[in-house]
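One structure below.
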Amino acid sequence: MPHFTSPPAPQGLASRSLQAVWHPCTQMKRALVVPPLAITHGQGPWLFDDSGRRYFDAISSWWVNLFGHADARLNAALKDQLDRLAHVMLAGCTHAPAVELAERLSALTGGVLGHCFFASDGASAVEIALKMSFHHWRNRGFPAKQEFVCLRQGYHGETLGALAVTDVAVFRDAYDPLLMRSHQVMSPDARQALPGESALDVAVRAAADLEKLLQARHGQIAAVILEPLIQCAAGMAFHDPAYLRAVRALCDQYGVHLIADEIAVGCGRTGSFFAFEQAALPGQPLIWPDLICLSKGISGGYLPLSLVLSRDSIYEAFLDDDVARGFLHSHSYTGNALACRAACEVLARFKDDDVLARNRQQAALLTAAFAPLRGDARIENFRHIGMIWAFDVREPLAGFRFAERFHLAGRARELLIRPIGRTVYVMPPYLLDETLADWLAAQVRATLDDVLNQSVTDADRSPEPPTA
Ligand SMILES: Cc1ncc(COP(=O)(O)O)c(C=O)c1O
96 MPHFTSPPAP QGLASRSLQA VWHPCTQMKR ALVVPPLAIT HGQGPWLFDD SGRRYFDAIS
156 SWWVNLFGHA DARLNAALKD QLDRLAHVML AGCTHAPAVE LAERLSALTG GVLGHCFFAS
216 DGASAVEIAL KMSFHHWRNR GFPAKQEFVC LRQGYHGETL GALAVTDVAV FRDAYDPLLM
276 RSHQVMSPDA RQALPGESAL DVAVRAAADL EKLLQARHGQ IAAVILEPLI QCAAGMAFHD
336 PAYLRAVRAL CDQYGVHLIA DEIAVGCGRT GSFFAFEQAA LPGQPLIWPD LICLSKGISG
396 GYLPLSLVLS RDSIYEAFLD DDVARGFLHS HSYTGNALAC RAACEVLARF KDDDVLARNR
456 QQAALLTAAF APLRGDARIE NFRHIGMIWA FDVREPLAGF RFAERFHLAG RARELLIRPI
516 GRTVYVMPPY LLDETLADWL AAQVRATLDD VLNQSVTDAD RSPEPPTA
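For what it's worth, this note's numbering labels the leading residue of the sequence shown as 96, then goes sequentially.
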């Protein structure tokens, strides 16, 4: 039976990194046991470390990469942009990549969300959406609407405003005393189905929980924020799209904004460009949230870019002679020209190459390759949507530090993969062919075998919080 073995002591760049860099989402004391991979370059779905080993980027580098690393088209667009304009402030100036990107995104919503406000990271887009919603209501004469509703298990980022609407204990609890209060309602996570219940039944129960709150406090509530279709950081918790329809109807009924955080699920990850597009019943017109937050994949995974799309009725509430009634929020790199150019190239790619149709073909290959795992008695809740696959390892089998052990075992099998708790998932770049799909499914299965056959030493028996 293989024993859990720590990787060799960090050397070279990894060692220097541990001396100088404070890594994100990392207990730095533990980083000596799980040293960072020193990545020197990437090509397609592969990353290469400084010893020449390769790793398949099975989680698209925290869900950002769409078309692989060192993509020729994105590289060419960025090199061209670099010779024209890297950055100029977006207050008092504008530039073609920002305008073109805003126009293209608005068109993708059929013009319903007609204005685009730019930022950099996902969390800053969430801050913007919350502030916009509150300020909109104040400008419209409803200053009491100051409260936000989020879902249990929801994740919206790490800045204080975003954390206030996040319900993942490991990220939130230390800072709880600093956070504004928010309402947390039942998650529609389909895994909560009681015996005899369907995912739809869970969605109906969750919507009823939200309705109770809105009935009581809609006069104080500005917005509901949610991740459409999948609560990713919760461990790829899927829900029935009926939940989105119900929330849209409740928000209309009670005069509350609906903010869709598509930071992780947007850009084709769930099979449609925006996950929220799947809220409509088949054959019915699309329905839309009031504000959409987008980041991660929008720049192809190349540069930090986030944005908030808003309905014109929200935008118009800020138009006034009084400067203070405008939305004065800003970041220095708002609308960075390089990042916007990368995003324009991403959207052009979706159109020119029919990325969504190609993804359906790629998804069929990986789903078929995963078939032997579906019935594996060691796992439960095998699930798939679009370009995301996930399963949960049964609790008694997962054991101590499962995610860390799986990650390390994955490295030994040329995988960059990071389970969340006992949820193993893959969210690969949109570059699968039959050979890669078969290889990836086989490596995930072999890694599972390695980990579940490991004997764990006492030293490894400290608890591990579920981080992404
Ligand atoms: C749904 C969701 N919202 C917001 C964020 C925060 O984005 P960022 O890490 O770019 O600040 C994330 C990041 O994983 C996310 O998954």
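Heads up, the beta-carbon is just placed ideally off N, CA and C, and yes, glycines get one too.
Near ligand 1: residue i beta-carbon under 7 Å from a heavy atom
i: His-251; result: yes
i: Ala-91; result: The question about residue 91 has no answer, for the chain in this structure spans 96 to 563.
i: Val-403; result: no
i: Gly-217; result: yes
i: Cys-327; result: yes
i: Asp-356; result: yes
i: Glu-322; result: yes
i: Val-244; result: no
i: Val-521; result: no
i: Ser-390; result: yes
i: Phe-224; result: First, the amino acid is wrong: residue 224 is Ala here, not Phe. Answer for Ala-224: no, Cβ out of range of ligand 1.
i: Ala-359; result: yes
i: Val-221; result: yes
Burial state of residue i (16 or more Cβ within 10 Å)
i: Met-96; result: Bear in mind that a pLDDT of 40 at Met-96, under 50, signals an unreliable position, so the number given afterwards is only what the model happens to contain. Exposed is the call here.
i: His-98; result: The pLDDT assigned to His-98 is 49, lower than 50, so where the model puts this residue is not dependable, and the model offers no usable value.
i: Ala-332; result: buried
i: Thr-530; result: exposed
i: Met-522; result: buried
i: Gln-315; result: exposed
i: Asp-268; result: exposed
i: Asn-160; result: buried
i: Glu-292; result: exposed
i: Gln-373; result: buried
i: Lys-307; result: exposed
i: Ala-153; result: buried
i: Leu-177; result: exposed
i: Val-244; result: buried
i: Met-281; result: buried
i: Trp-117; result: exposed
i: Met-123; result: exposed
i: Thr-261; result: buried
i: Lys-446; result: exposed
i: Asn-548; result: exposed
i: Ala-202; result: exposed
i: Pro-467; result: exposed
i: Pro-238; result: exposed
Nearest residue (CA-CA) to residue i, options the options
i: Pro-380; options: Arg-276, Trp-158, Arg-111, Gly-205; result: Gly-205
i: Leu-208; options: Arg-340, Ala-259, Leu-402; result: Leu-402
i: Val-539; options: Glu-559, Ala-563, Pro-561, Leu-511; result: Leu-511
i: Arg-247; options: Ala-220, Ser-277, His-231; result: Ser-277
i: Arg-199; options: Ala-370, Ala-288, Gln-122, Arg-436; result: Arg-436
i: Pro-514; options: Ile-480, Ala-434, Ala-466, Ala-563; result: Ala-563
i: Ala-375; options: Tyr-338, Asp-533, Glu-242; result: Tyr-338
i: Gly-252; options: Ala-214, Ile-223, Ala-218; result: Ala-218
i: Gly-392; options: Val-441, Ala-193, Tyr-250, Leu-225; result: Val-441
i: Ala-193; options: Gly-430, Ala-104, Arg-473, Leu-468; result: Gly-430
i: Arg-125; options: Pro-323, Glu-499, Leu-526; result: Glu-499
i: Pro-561; options: Val-263, Arg-149, Val-488; result: Val-263
i: Leu-127; options: Gln-138, Pro-119, Ala-133, Pro-105; result: Pro-105
i: Ile-134; options: Trp-158, Asp-271, Ala-109; result: Ala-109
i: Leu-533; options: Asp-145, Leu-142, Pro-131, Phe-151; result: Going by the sequence as given, residue 533 is Asp instead of Leu. Comparing Cα positions, the closest option is Phe-151.
i: Ser-427; options: Thr-121, Asp-216, Val-299; result: Asp-216
Residue-chain proximity (residue i, chain B), Cβ-Cβ < 8 Å
i: Pro-524; result: Given the protein chain composition of this structure (a single chain), no chain B is represented.
Within the stretch 304-362, ranges of the alpha helix (DSSP H) (whole runs, at least 4 residues): 337-349
Does the stretch 348-361 come within contact of the stretch 183-203, defined as at least 3 CB pairs closer than 8 Å? no
Segment contact flag, the stretch 515-527 with the stretch 326-342, C-beta cutoff 8 Å, min 3 pairs: yes
May I ask you to verify whether the stretch 487-503 touches the stretch 411-428, counting CB pairs closer than 8 Å and requiring at least 3? no
So within the stretch 132-213, which uninterrupted alpha helix (DSSP H) runs reach at least 4 residues, ignoring any that extend past its ends? Listed in chain order, they are 155-158, 167-179, 191-203.
Which runs of the alpha helix (DSSP H) spanning at least 4 residues fall entirely within the stretch 480-514, listed in chain order? 490-493, 497-507
Would you list, in sequence order, the uninterrupted beta strand (DSSP E) runs of no fewer than 3 residues that lie entirely inside the stretch 212-277? 242-246
Counting pairs of beta carbons, one from the stretch 294-307 and one from the stretch 440-458, are three or more of them closer than 8 Å? no
Counting Cβ pairs closer than 8 Å, one from the stretch 166-174 and one from the stretch 404-412, do we hit at least three? no
May I have a chain-ordered list of the alpha helix (DSSP H) segments no shorter than 4 residues that lie completely inside the stretch 412-456? 432-447
Does the contact criterion of 3 or more C-beta pairs under 8 Å hold for the stretch 209-216 versus the stretch 465-484? By the Cβ test, the stretch 209-216 is not in contact with the stretch 465-484, since fewer than three Cβ pairs between them sit closer than 8 Å.
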